[in-house]
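Input: a single structure, listed below in C-alpha cells.
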Amino acid sequence: MDRIKNKIWLLINLARLNNPIGIFLLLFPCLLGITIASDQINLEIFTLFTLGAITMRSAGCIINDIVDRNLDKKTVRTKDRPLANEQLTLKEAYYFLLFLLIIGLLILIKLNQIVIILGLAIIPLIVLYPYMKRITYFPQLFLGIIFNWGVLMGYASIKNTLDPEIFFLYAACIFWTIGYDTIYAHQDKKTDVKIGIKSTAILFGKKTKLCLCMLYLLMILNLVSTGIVFQLTSSFYLITTVILLHLMWQIYTLEINDPKNCLSRFKSNRWVGLAMLAAIIL
C-alpha cells in the first residue's frame with residue numbers, strides 16, 4: 231500500500247498537481263475568452279475548460295520533464311523531479327502522459343468543430359516548446375503563444391468563430407506571460423548559463439525591469455484596446471488600472487538575484503488573472 235501511495239505521489243509531482251499556480255495561469259486565458267464572448271456564465275463550458283486546463287497543463291509538464299530530464303539533474307530547483315532523480319521510469323511517464331492525453335481528447339470532442347481544430351493545432355507547439363530554450367532566447371514568447379491559446383479556444387467555444395477583435399485580448403495575455411515567465415526564469419539563470427539554456431531572463435539581464443515595463447505596457451495597451459472593441463463598461467478600465475498598479479509593484483519590488491523574491495512575484499500573477507476575469511465579468 232505504501233508503495234502505491236508513493237507512486238501516486240510521484241505521478242502527482244510529475245504532473246505538478248501539487249503546485250497549481252500553472253493551472254491557474256493556463257485556465258485564466260480560457261475563462262477570459264469564454265466570458266468576453268458570453269452574455270451569461272456557461273457552467274458546462276467553464277467546467278470543460280477547467281478540466282481541460284488541469285489535464286493539459288499536467289500533460290505539458292510531463293512532456294517538459296521527459297525532454298529535460300538530463301538537464302533537470304544539473305539544476306538545484308529541478309534535480310528532485312521524479313524523472314530527474316529516476317524515481318519514475320520513462321515508461322511510467324509515457325503511460326501517464328497517454329492517459330492524460332486521452333482524457334484531454336475526450337474533453338475536447340465535447341466542444342464545437344472550431345475548438346477541436348484549434349486544440350489539435352496547438353499540440354505540435356506544445357511538443358516543441360521544451361526544445362525552444364535550447365535554440366532561442368525567447369522561449370517565453372512560445373510559452374505565451376501556447377499558454378494563452380485558451381483565449382481563442384474559449385471564445386470560439388461560445389461564438390463558433392474567431393472574430394479579429396479577440397486577438398487584442400490574446401496579445402495582452404501573451405505579453406503578460408512573457409513578463410511573468412521572465413521573472414520565473416531568473417530563478418535558474420546562473421545554472422542555465424552554465425548548461426547552455428537560453429531565456430529572456432538571460433537576454434534582458436540587468437535591463438530586466440526596463441523590459442518588463444515595456445512588456446506590461448504592451449499588455450495594458452492591448453487590454454484597453456480589448457475594452458474599446460468589445461465596448462466594455464467603465465469598471466473594466468477601473469480594474470485595468472488596478473492591474474497596472476499591481477504590475478508596477480511587481481517590477482518595483484522585484485529582486486532578480488533573489489530566487490525566492492522572483493518566485494513570489496511570479497506567483498502574484500494569479501491575482502492579475504483573477505482581476506482580468508473580474509474586469510470582463512463586471
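Going by this note's numbering, the first residue of the sequence shown is number 231, and it counts up by one from there. From the three backbone atoms N, C-alpha and C, an ideal C-beta is built for every residue, glycine too.
- Within the stretch 249-291, the complete alpha helix (DSSP H) runs of at least 4 residues fall at 251-267.
- For ASP422, the uninterrupted alpha helix (DSSP H) segment begins and ends at 419-425.
- Contact between LEU318 and LEU240 holds: CB atoms are separated by about 5 Å, below the 8 Å threshold.
- Within the same chain, PHE372 come within 8 Å of LEU358 by CB-CB distance, once the 5 residues on both sides are set aside.
- Collapsing the DSSP output to three states places GLU322 in a helix.
- Remark: C-beta atoms of SER288 and VAL345 do not approach each other more closely than 8 Å.
- Counting along the chain, the unbroken alpha helix (DSSP H) around SER455 starts and ends at 438-459.
- Taking all protein chains shown into account, PRO369 has 16 or more neighbouring C-beta atoms within 10 Å of its C-beta and is therefore buried.
- Using a Cβ distance threshold of 8 Å, LEU462 and ILE510 count as a contacting pair.
- Here LYS428 is not near TYR385, since their CB atoms are 8 Å or more apart.
- Taking the C-beta atoms as reference points, ILE337 is found no nearer than 8 Å to ILE352.
- Annotation note: the stretch 289-353 contains the following uninterrupted alpha helix (DSSP H) runs of length 4 or greater, listed N- to C-terminal: 320-338 and 343-351.
- Taking a contact as a CB-CB distance under 8 Å, the pair GLY290 and ILE356 counts as one, their CB atoms being some 6 Å apart.
- The beta carbon of ASN452 lies closer than 8 Å to those of PHE398, LEU399, ALA401, ALA402 and PHE405 in the same chain, with the five residues before and after it left out.
- Taking 8 Å as the cut-off, the beta carbon of PHE496 is found no closer than this to the beta carbon of TYR361.
- In the structure shown, PRO394 adopts coil according to DSSP, grouped into three states.
- The stretch 460-493 is shown to contain whole alpha helix (DSSP H) runs of 4 or more residues at 464-483, in chain order.
- THR430 carries a helical assignment under DSSP once its states are collapsed to helix, strand and coil.
- Less than 8 Å separates the beta-carbon of VAL423 from that of ILE432.
- At a Cβ-Cβ threshold of 8 Å, LEU445 and ILE408 count as neighbours.
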